[in-house]
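> Right, I'll just put the structure down here and ask away after.
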Amino acid sequence: MAKILFLLKPNALISSIFQEEGFRYEEYQNIEGVYYLLIEKEGIALASGILSKIDPELYQINYLAVNKIARKLKIGTYAVKAMCTKVKILGGRNVIVTSPSSLIPFFKNLDFKIIDNIENNSFLMKKRLKFAKYSKNNNQY
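Quick note, the sequence shown lines up with residues 22 to 162 if you use my numbering.
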């Protein structure tokens with residue numbers, strides 16, 4: 022079974038998957054409100070990403086990467102869902118991501134909506150997180 026971790030600093034597995042994808046993530050190190058996602062199985066990084074706090078209700082997904090050996094296995098879907106769950110735990114209500122046009126169907130399938138066309142076939146997408154409705158009758162969510 023794969024493990025899903027959120028770390029405050031990148032470890033060797035996160036660094037390796039980002040380097041393989043050519044991501045330069047140094048700008049996010051030592052910044053408060055940044056979480057590094059790692060999905061790993063038996064010491065192999067399956068996916069990684071950076072979740073950064075923009076304001077108390079808004080977080081951004083940055084540098085989402087899925088290991089080539091794990092593609093087509095829904096690991097990217099699990100990664101985005103895990104990041105959205107983390108945002109809810111942190112009290113956030115919205116998640117944004119900058120997506121290339123090739124990944125728009127992927128993010129739309131996860132309820133992200135296009136809110137802006139940036140440049141070079143990049144689109145800003147946003148998801149408003151859903152919360153369970155509170156029931157007064159049984160004091161449960």
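Just so it is clear, CB atoms sit at the ideal spot from N, CA and C, and this is done for glycine as well.
Measuring straight from C-alpha to C-alpha, what distance separates N42 and L85?
Looking up residue 42 in the sequence shown gives position 21. Looking up residue 85 in the sequence shown gives position 64. Per the sequence shown, residue 42 should be read as Glu rather than Asn. Cα to Cα, E42 sits roughly 10 Å from L85.
> Check whether the stretch 135-143 and the stretch 101-110 are in contact - that is, three or more C-beta pairs closer than 8 Å.
As far as the Cβ criterion goes, the stretch 135-143 does not touch the stretch 101-110, which means the pair count is below three.
> Report the option in F133, K129, K62 whose CA atom is closest to the CA atom of V87.
Sequence index remark: in the sequence shown, residue 87 carries index 66 (1-based). When each option's Cα is compared against that of V87, the closest is K62.
> So what's Y46 in DSSP terms, helix, strand or just coil?
Within the sequence shown, the letter at position 25 stands for residue 46. Coil at Y46, not helix or strand.
> Which two residues bound the contiguous alpha helix (DSSP H) that contains I125?
On the sequence shown, position 104 is the one that residue 125 refers to. It spans 125-130 - the alpha helix (DSSP H) in which I125 sits, taken as one unbroken run.
> Can you find a heavy atom of the ligand COA that lies under 8 Å from the Cβ of Y49?
Among the ligands in the structure shown, none appear at all, so the ligand COA cannot be discussed.
> Take I82 and list the residues in its own chain whose beta-carbon comes closer than 8 Å to its own, dropping the five residues that flank it on each side.
Against the sequence shown, residue 82 aligns to sequence position 61. For I82, where only same-chain residues beyond five positions count, the Cβ hits under 8 Å are G70, I71, L72, V101, M104, V116, I117, V118.
> Is it true that the CB of L94 sits closer than 9 Å to the CB of L58?
Counted from its first residue, the sequence shown places residue 58 at position 37. Counted from its first residue, the sequence shown places residue 94 at position 73. For L58 and L94, no; Cβs fall outside 9 Å.
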